[in-house]
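Q: Order-wise, the sequence lines are chains A and B. Take 1 as the starting number for the first sequence in this note's numbering and just add one per residue. Take 141 as the starting number for the second sequence in this note's numbering and just add one per residue. Where is the CB? At the ideal position from N, CA and C, for every residue including glycine.
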Amino acid sequence: MISITSEPIDLCQILVETKDGSSGGTTLFVGSVRDHNEKERIFQIHYEAYKEMAEQNLAEIENEVRTRWDIKRFVAVHRTGSLKVGDISVAVAVSAEHRKEAFEACKYGVDAIKMRAPIWKKEVSVSGGGWVEGFPLDSE
Amino acid sequence: MAREEEQTYPTITVKLFASSREIIGKDKITLKLSEKMTALDLRRMILEQFPQVARKIQFVIAINRKIADDATTLDQMDEVAILPPVSGG
Numbered sequence: 001m002i003s004i005t006s007e008p009i010d011l012c013q014i015l016v017e018t019k020d021g022s023s024g025g026t027t028l029f030v031g032s033v034r035d036h037n038e039k040e041r042i043f044q045i046h047y048e049a050y051k052e053m054a055e056q057n058l059a060e061i062e063n064e065v066r067t068r069w070d071i072k073r074f075v076a077v078h079r080t081g082s083l084k085v086g087d088i089s090v091a092v093a094v095s096a097e098h099r100k101e102a103f104e105a106c107k108y109g110v111d112a113i114k115m116r117a118p119i120w121k122k123e124v125s126v127s128g129g130g131w132v133e134g135f136p137l138d139s140e
Numbered sequence: 141m142a143r144e145e146e147q148t149y150p151t152i153t154v155k156l157f158a159s160s161r162e163i164i165g166k167d168k169i170t171l172k173l174s175e176k177m178t179a180l181d182l183r184r185m186i187l188e189q190f191p192q193v194a195r196k197i198q199f200v201i202a203i204n205r206k207i208a209d210d211a212t213t214l215d216q217m218d219e220v221a222i223l224p225p226v227s228g229g
């Protein structure tokens, strides 16, 4: 399951989606809004996505994961809109026969989403905040 | 009258996101599309018409939800977007 959503992320639902009788382990990464950056206190983060392209991008990342590791289920969900400190912004879950594949595939998925998905965050901080300097995209 | 004028040449709509949307102040812009126009031509046109973007951000151009290389040619029906550096997660 791949999704860019403005609704709160339901972790129980994500674990249900990863259930597979032939898997022996599931890894779940949960990213949430931190109350600070390197310089100051953060109150809120606003996430914006190019939804259609981001969902296509997440599906490509799932395909890459599946060619590299033998996994059972892959779930990646990213939230958009204004999130408060502690709110979940992203979740990636992978089930596999063994933990090694589940851990590695989950890390790859999270890293790829952060570096490649057309999603942007704007921090709201004491001094006002702004768009976070991110990863420049490249054509392949 | 304005409507007639708009229809005299083909145009392309470019979606804007995040910092590019805020700098330009719109969520999309419409630009004149010339024959055999490439992604590089489009980039130059954007930088010329919106120099404030060039001063503040790097960006890539996506065509039909794929990052385009400079030589990719544009069609009027293409879905085009400006993508500033990403920061999801």
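Is SER227 of chain B close to chain A? Criterion is C-beta to C-beta, closer than 8 Å.
A: Judged by the 8 Å Cβ criterion, SER227 of chain B is in contact with chain A.
Q: According to DSSP, PHE29 of chain A sits in a beta bridge with which residue or residues?
A: Answer by DSSP bridge pairing, in chain order: A:VAL92.
Q: Which ranges would you report for the alpha helix (DSSP H) in the stretch 151-181 of chain B if only whole runs of at least 4 residues count?
A: Runs found: 158-164.
Q: Just checking my contact of LYS84 of chain A with VAL33 of chain A at CB under 8 Å: how many whole Å lie between their CB atoms?
A: Right, the Cβ-Cβ distance comes to about 6 Å (below 8 Å), so this counts as a contact.
Q: Buried or exposed for ASN57 of chain A, going by 16 or more other Cβ atoms inside 10 Å?
A: That one is buried.
Q: Give me the chain B residues within the contact set of ARG116 of chain A, using Cβ-Cβ distance strictly less than 8 Å, ordered along the chain.
A: The contacting residues are VAL226.
Q: Give the residues of chain B in contact with GLN56 of chain A, contact being defined as C-beta atoms less than 7 Å apart.
A: Result: ARG205.
Q: Cβ closer than 8 Å: which chain A residues qualify as neighbours of VAL200 of chain B?
A: Within chain A, the residues near VAL200 of chain B are PRO136, LEU137, ASP138 and SER139.
Q: Could you check which residue in B:VAL220, B:ARG161 and B:THR151 has the C-alpha nearest to that of LYS172 of chain B?
A: For LYS172 of chain B, the nearest C-alpha among the options comes from B:THR151.
Q: Considering only their Cβ atoms, is the gap separating VAL90 of chain A from PHE74 of chain A smaller than 8 Å?
A: The answer is no: Cβ separation not under 8 Å.
Q: What distance in whole Å lies between the Cβ atoms of GLU62 of chain A and ILE2 of chain A, which are believed to be in contact at a cut-off of 8 Å?
A: Right, the Cβ-Cβ distance comes to about 6 Å (below 8 Å), so this counts as a contact.
Q: Could you spell out where the alpha helix (DSSP H) holding GLN13 of chain A opens and where it closes?
A: Taken as a continuous stretch (DSSP letters only), the alpha helix (DSSP H) holding GLN13 of chain A covers 11-18.
Q: Can you check which of these residues, B:ARG195, B:VAL226 and B:ASP215, is closest to ASP181 of chain B by C-alpha distance?
A: When each option's Cα is compared against that of ASP181 of chain B, the closest is B:ASP215.
Q: So, for HIS46 of chain A: in the same chain, excluding its five sequence neighbours on each side, which residues have a beta-carbon less than 6 Å away from its beta-carbon?
A: Excluding positions up to five away in sequence, the list reads SER82 and LYS122.
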